[in-house]
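Participant:
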Amino acid sequence: MKILLIEDEPELRKSIKQYLHQEGYLVESAADFIIAQEKTSLYEYDCILVDITLPKGSGLDIVKQLKEASSKAGIIIISAKNSSDDKIIGLDLGADDYLAKPFNLAELNSRIKALFRRRNFNGNKIIVVNEITIVPEERAVKVNGEIVTLTQKEYDLLLFFVSNKNRVLSKNAIAEHLWGDDSDQMDSHDFIYVHLRNLRKKLTEMGCTDYVQTIYGIGYNFKVN
Amino acid sequence: MKLINKTILNYLFISIPLMIVAGIVSYFLIKNELRDGMDETLDRERLNVEKLIESLKEPANTYLGYDSLSYIKVMDKNFEMKDTYSDTGIYITKKKKRELRNYRTLKCTYTFNNANYLITLSRPTIEEEELMDSLFSAFCIIITFFVFSFFIVSWLLSKRLWRPFYNTLSKLGKYDIKNHATTNFQMEKTTEFNQLNIELNKMTDKIHNDFIQQKEFTENASHEMQTPLAVVRANLSILMQSPNLQEPEMNSLEAIENTIKKLTSLNKTLILLAKIENNQYHESAEVNFKEKLESSLDLFSDLIQAKNIKTEIQLDPNVSVKMNPSLADILINNLMQNAIRHNSEGGNIRIALNSKSFTVSNGGEPLSITEKDLFVRFKKNDDSKDSLGLGLSIVKSIVNLYDMEIRYVYSDRYHNFVIYF
Chain A
1 MKILLIEDEP ELRKSIKQYL HQEGYLVESA ADFIIAQEKT SLYEYDCILV
51 DITLPKGSGL DIVKQLKEAS SKAGIIIISA KNSSDDKIIG LDLGADDYLA
101 KPFNLAELNS RIKALFRRRN FNGNKIIVVN EITIVPEERA VKVNGEIVTL
151 TQKEYDLLLF FVSNKNRVLS KNAIAEHLWG DDSDQMDSHD FIYVHLRNLR
201 KKLTEMGCTD YVQTIYGIGY NFKVN
Chain B
1001 MKLINKTILN YLFISIPLMI VAGIVSYFLI KNELRDGMDE TLDRERLNVE
1051 KLIESLKEPA NTYLGYDSLS YIKVMDKNFE MKDTYSDTGI YITKKKKREL
1101 RNYRTLKCTY TFNNANYLIT LSRPTIEEEE LMDSLFSAFC IIITFFVFSF
1151 FIVSWLLSKR LWRPFYNTLS KLGKYDIKNH ATTNFQMEKT TEFNQLNIEL
1201 NKMTDKIHND FIQQKEFTEN ASHEMQTPLA VVRANLSILM QSPNLQEPEM
1251 NSLEAIENTI KKLTSLNKTL ILLAKIENNQ YHESAEVNFK EKLESSLDLF
1301 SDLIQAKNIK TEIQLDPNVS VKMNPSLADI LINNLMQNAI RHNSEGGNIR
1351 IALNSKSFTV SNGGEPLSIT EKDLFVRFKK NDDSKDSLGL GLSIVKSIVN
1401 LYDMEIRYVY SDRYHNFVIY F
């Protein structure tokens, strides 16, 4: 999987690169509009992460150019401008997703994975983690072949864990994933605990290993060997 | 009180005593003048009387004229008297009515042929009194007429002269910094008012520019903060993945993350406020409030259940308001969040919606801050340390944007927030 990261802030570029590298992706980066243009015209990427405000040009123009060249790359816009206008323009131009800064790296990771699943890279649309099978198109979860009925939040939580397996996920990251922008509006940490407890119970009742480790003070880790 | 009226009134206060003084002074002046006239007449008569005495063959007491008030009296040789003029009042009975008649009397002596005479001459002053009365009233009427016509003229004149000032004043009253372009203080012919308008134009231009700059500053600063925040969050995520973290480090990481989260939402909220106030939510649609409320209740259902809060809901299904749909969400969610956050375990929330108003009420203790501060940014009640103190300012901004009205009432141990559409 080859990803191009177009972002002008060096520190952010470095940490995104490092995080995605650990996921096993090949990450290249471009610091400004000219370099980004060069790279997108020379090479093929599976996914392009593009910031809107760039030195020497706009990220939206890159999206436009990619679409004009009928590029197959998935496009995720990452922008400091959390305005619905930019979001609508970006998605209208053909971007697949939009993530407002400051985002959590785990969130970015799960968005990339969702994008790959939708575009059916790797030839499969099913996620298998040992005895757990998830069919995202049907929002179905099976343990040892048997269907487990999960609520919306429990399903989202499991998918988020699986997308970021063997990663420490902070409670804030989980809250933001489950409740989006509205996570600001509630003291959501307690609710994560409630949903997680129910999810664990449902999975272990079906004979599933409890993969979720509590990391003291920070959050949780879905640990799979 | 209007300046014109105040000026006129002040003039009146000063001119009435002046008029009275002028009246009194002129009264005495006229009176003196008339008296002098009378005295001169008496003097002339005295000469006549003296001639009469000289023509007498021998000294005798004689009455002069019709009445008994003017006469010549033969006196002792040693009798001496200075000339005296005096006023005498005498009651006379005329048609059975007693009337006071004033007389001017001259008493003097005259010596002729070794005989000493006392001359007493009296003349009624009734004519002079009548003359005096008519002169004085004419004088009063003229003064009063002048004073009042002066007031009327100056009132009319002031009204005309001050008109530019009142125009400026009414423009100033209507001035809205958000519609700066519509206000212009025009040139005037009066130097002072022209100067005033020029200065006002300068001042409002400056205030407006500062306002624009400050608005842009808030938005730009908040946007510029997003990237550094993203850097911190990203690095924090990476740091969390390191395998050898001990409890103290984890605690620190959690503290940092929570703070960053708070900072992030603060930043987002400030951008939101700036955008509402900069009128960047143009598109609007008919928003069904009942649907929005139901989805909000759904969103907060976890919280409501967790706090064991009972809800009493009365929704009119056909209430629609023309506004931006995202702002409607934000408005409702903020009010709901407020009602939940400041509620106690097992408390109550009442929601009522009808075509005129939308009410969210929650039980609780009275506020420790004033009602006015409730909608001010960063002002919050003592017990709400988790809150940013911005939720209700957002509500207020949205309400203002759509010319709605929000009122807060505390009654019966309930905090009521009512929005009038």
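In order, the protein sequences belong to chains A and B.
Start counting the first sequence at 1; every next residue gets the next number (the numbering used here).
Start counting the second sequence at 1001; every next residue gets the next number (the numbering used here).
Ideal Cβ positions, reconstructed from N, Cα and C, are used throughout, including at glycine.
What you are looking at is a predicted structure, and each value in this text was computed from that prediction instead of being measured.
Looking at C-alpha atoms only, which residue of A/K101, A/E138 and A/F222 is the closest neighbour of A/E176?
Facilitator: Here residue 176 of chain A refers to the residue found at position 176 when the first sequence is read from its first residue. Nearest option by C-alpha distance: A/K101.
Participant: Establish whether the CB of A/G94 and some CB of chain B are separated by less than 7 Å.
Facilitator: Within the first sequence, numbered from 1, the residue matching residue 94 of chain A stands at position 94. A/G94 does not count as touching chain B.
Participant: Starting from B/H1282, trace the alpha helix (DSSP H) in both directions and tell me its first and last residue.
Facilitator: In the second sequence, residue 1282 of chain B corresponds to position 282, counting from 1. Premise fails: B/H1282 is in no alpha helix (DSSP H) and is neither H nor E.
Participant: Quick check: the stretch 1215-1222 of chain B against the stretch 1272-1283 of chain B, are there 3 or more CB pairs under 8 Å?
Facilitator: Flag = yes, the stretch 1215-1222 of chain B and the stretch 1272-1283 of chain B touch.
Participant: Using 7 Å as the limit for Cβ to Cβ distance, is A/Q18 near chain B?
Facilitator: Residue mapping note: residue 18 of chain A aligns to position 18 of the first sequence, counting from 1. It does: the Cβ of A/Q18 has a partner Cβ on chain B nearer than 7 Å.
Participant: Helix, strand or coil: which one does DSSP assign to A/A140?
Facilitator: Counting from 1 along the first sequence, the entry for residue 140 of chain A is found at position 140. Correct three-state label for A/A140: strand.
Participant: Is the beta carbon of B/L1229 less than 7 Å from the beta carbon of B/T1264?
Facilitator: Working through the second sequence from its first residue, we reach residue 1229 of chain B at position 229. Working through the second sequence from its first residue, we reach residue 1264 of chain B at position 264. It is a contact, given that the beta carbons lie within the stated cut-off.
Participant: Once the 5 residues before and after B/I1330 are set aside, which same chain residues still bring their CB inside 8 Å of it?
Facilitator: In the second sequence, residue 1330 of chain B corresponds to position 330, counting from 1. L1272, I1394 and I1398, listed in sequence order.
Participant: For B/N982 and chain A, any beta-carbon pair shorter than 7 Å?
Facilitator: The requested residue 982 of chain B is not part of the displayed model; chain B covers only 1001 to 1421.
Participant: Could you check how far apart the C-beta atoms of B/N1362 and B/G1346 are, in whole angstroms? I think they sit under 8 Å.
Facilitator: By 1-based counting over the second sequence, the position of residue 1362 of chain B is 362. By 1-based counting over the second sequence, the position of residue 1346 of chain B is 346. Contact flag wrong, Cβ pair sits at about 12 Å.
Participant: Please list the terminal residues of the continuous alpha helix (DSSP H) segment that includes B/E1291.
Facilitator: Sequence index remark: in the second sequence, residue 1291 of chain B carries index 291 (1-based). Taken as a continuous stretch (DSSP letters only), the alpha helix (DSSP H) holding B/E1291 covers F1289 to L1299.
Participant: Check whether the Cβ of B/Q1241 lies closer than 7 Å to any Cβ atom in chain A.
Facilitator: In the second sequence, the residue the question calls residue 1241 of chain B occupies position 241. Yes, B/Q1241 counts as interfacial toward chain A.
Participant: If we cut at 7 Å on Cβ distances, does B/N1244 have a partner in chain E?
Facilitator: Any reference to chain E falls outside this structure, whose protein chains are A and B.
Participant: Give the straight-line distance between the Cα atoms of B/T1311 and B/L1374, rounded to the nearest whole angstrom.
Facilitator: Taking the first residue of the second sequence as position 1, residue 1311 of chain B is located at position 311. Taking the first residue of the second sequence as position 1, residue 1374 of chain B is located at position 374. Answer to the nearest angstrom: the Cα atoms are 24 Å apart.
Participant: Using a cut-off of 9 Å between C-beta atoms, extract the partners of A/R167 located in chain B.
Facilitator: If you number the first sequence from 1, residue 167 of chain A lands on position 167. Those within 9 Å of A/R167 in chain B are S1237, M1240 and Q1241.
Participant: On the DSSP bridge assignment, give the partners of B/C1108 in chain order.
Facilitator: Working through the second sequence from its first residue, we reach residue 1108 of chain B at position 108. Answer by DSSP bridge pairing, in chain order: B/I1119.
Participant: By Cβ distance, which residues of its chain are closer than 8 Å to A/D210, with the 5 residues on each side in sequence left out?
Facilitator: Mapped onto the first sequence, residue 210 of chain A falls at position 210. Contacts found: R200, L203 and T204.
Participant: When you compare the stretch 15-34 of chain A with the stretch 1244-1252 of chain B, are there three or more beta-carbon pairs, one atom per stretch, that lie closer than 8 Å?
Facilitator: Too few Cβ pairs lie closer than 8 Å, so no.
Participant: If we ignore side chains and look at the alpha-carbon of each, how far apart do B/Y1175 and B/T1183 end up?
Facilitator: Counting from one through the second sequence, the residue named residue 1175 of chain B turns up at place 175. Counting from one through the second sequence, the residue named residue 1183 of chain B turns up at place 183. Distance between the alpha carbons of B/Y1175 and B/T1183: 7 Å.
Participant: Helix or strand or just coil, what does DSSP make of A/Y216?
Facilitator: Numbered from its first residue, the first sequence carries residue 216 of chain A at position 216. Of the three classes helix, strand and coil, the one that applies to A/Y216 here is coil, per DSSP.
Participant: Following the continuous beta strand (DSSP E) through B/Y1314, name the residue where it begins and the one where it ends.
Facilitator: One-based indexing of the second sequence puts residue 1314 of chain B at position 314. Looking at the sequence shown, residue 1314 of chain B is not Tyr but Gln. Here the beta strand (DSSP E) through B/Q1314 covers K1310 to L1315.
Participant: Cutting at 7 Å between CB atoms, please list the residues of its own chain near B/T1422, excluding the five before and the five after it.
Facilitator: Any answer about residue 1422 of chain B is impossible in this case: the structure gives chain B only from 1001 up to 1421.
Participant: Measure the alpha-carbon distance for B/Y1110 versus B/V1021 and round it to whole angstroms.
Facilitator: In the second sequence, the residue the question calls residue 1110 of chain B occupies position 110. In the second sequence, the residue the question calls residue 1021 of chain B occupies position 21. If you take the alpha carbons of B/Y1110 and B/V1021, they lie about 43 Å apart.
Participant: On the three-state DSSP scale, how would you describe A/S170?
Facilitator: One-based indexing of the first sequence puts residue 170 of chain A at position 170. If DSSP states are grouped into helix, strand and coil, A/S170 belongs with the strands.
Participant: Taking only the alpha-carbon atoms, compute the straight-line gap between B/I1419 and B/S1320 and give it to the nearest angstrom.
Facilitator: Here residue 1419 of chain B is taken as the residue at index 419 of the second sequence, counted from 1. Here residue 1320 of chain B is taken as the residue at index 320 of the second sequence, counted from 1. Spanning the two alpha carbons is a distance of roughly 14 Å.
Participant: Given 8 Å as the limit, is there contact between the stretch 1285-1303 of chain B and the stretch 1031-1047 of chain B, that is, 3 or more CB pairs closer than that?
Facilitator: At 8 Å Cβ cutoff, the stretches do not touch.
Participant: Measuring CB to CB, does A/L169 end up less than 7 Å from A/A106?
Facilitator: Taking the first residue of the first sequence as position 1, residue 169 of chain A is located at position 169. Taking the first residue of the first sequence as position 1, residue 106 of chain A is located at position 106. Yes. Within cutoff.
Participant: When DSSP labels each residue in this structure, what does A/F222 get in the three-state scheme?
Facilitator: For the purposes of this step, residue 222 of chain A is identified with residue 222 of the first sequence, where counting begins at 1. Of the three classes helix, strand and coil, the one that applies to A/F222 here is strand, per DSSP.
Participant: Give the straight-line distance between the Cα atoms of A/L99 and A/S110, rounded to the nearest whole angstrom.
Facilitator: Here residue 99 of chain A refers to the residue found at position 99 when the first sequence is read from its first residue. Here residue 110 of chain A refers to the residue found at position 110 when the first sequence is read from its first residue. When rounded, the distance between both Cα atoms is 11 Å.
Participant: Bridge partners of B/P1124, per DSSP?
Facilitator: Counted from its first residue, the second sequence places residue 1124 of chain B at position 124. BP columns for B/P1124 point to B/Y1103.
Participant: Can you list, in chain order, the residues of the stretch 1315-1338 of chain B whose Cβ is nearer than 7 Å to any Cβ on chain A?
Facilitator: Under the 7 Å Cβ criterion, the stretch 1315-1338 of chain B contributes S1326, N1333 and Q1337.
Participant: Below 8 Å, can you find three or more Cβ-Cβ pairs linking the stretch 1179-1194 of chain B to the stretch 1157-1164 of chain B?
Facilitator: They touch, by the three-pair rule.
Participant: When you compare only the Cα positions, how much space is there between A/D86 and B/S1326?
Facilitator: By one-based count along the first sequence, residue 86 of chain A stands at place 86. By one-based count along the second sequence, residue 1326 of chain B stands at place 326. Computed Cα separation, rounded: 15 Å.
Participant: What number of angstroms, rounded off, separates the C-alpha of B/T1105 from the C-alpha of B/D1087?
Facilitator: Reading the second sequence from its first residue, position 105 is the one you call residue 1105 of chain B. Reading the second sequence from its first residue, position 87 is the one you call residue 1087 of chain B. Taking the straight line from one Cα to the other gives about 6 Å.
Participant: Anything in chain A within Cβ reach of B/E1257, meaning under 7 Å, just list it in chain order.
Facilitator: Mapped onto the second sequence, residue 1257 of chain B falls at position 257. Simply S170 and N172.
Participant: Between the Cα of B/K1082 and those of B/I1119, B/L1100, B/L1056 and B/K1379, spot the shortest distance and give me the residue it belongs to.
Facilitator: Within the second sequence, residue 1082 of chain B is the residue found at index 82, counting from 1. When only C-alpha atoms are compared, the closest one is B/I1119.
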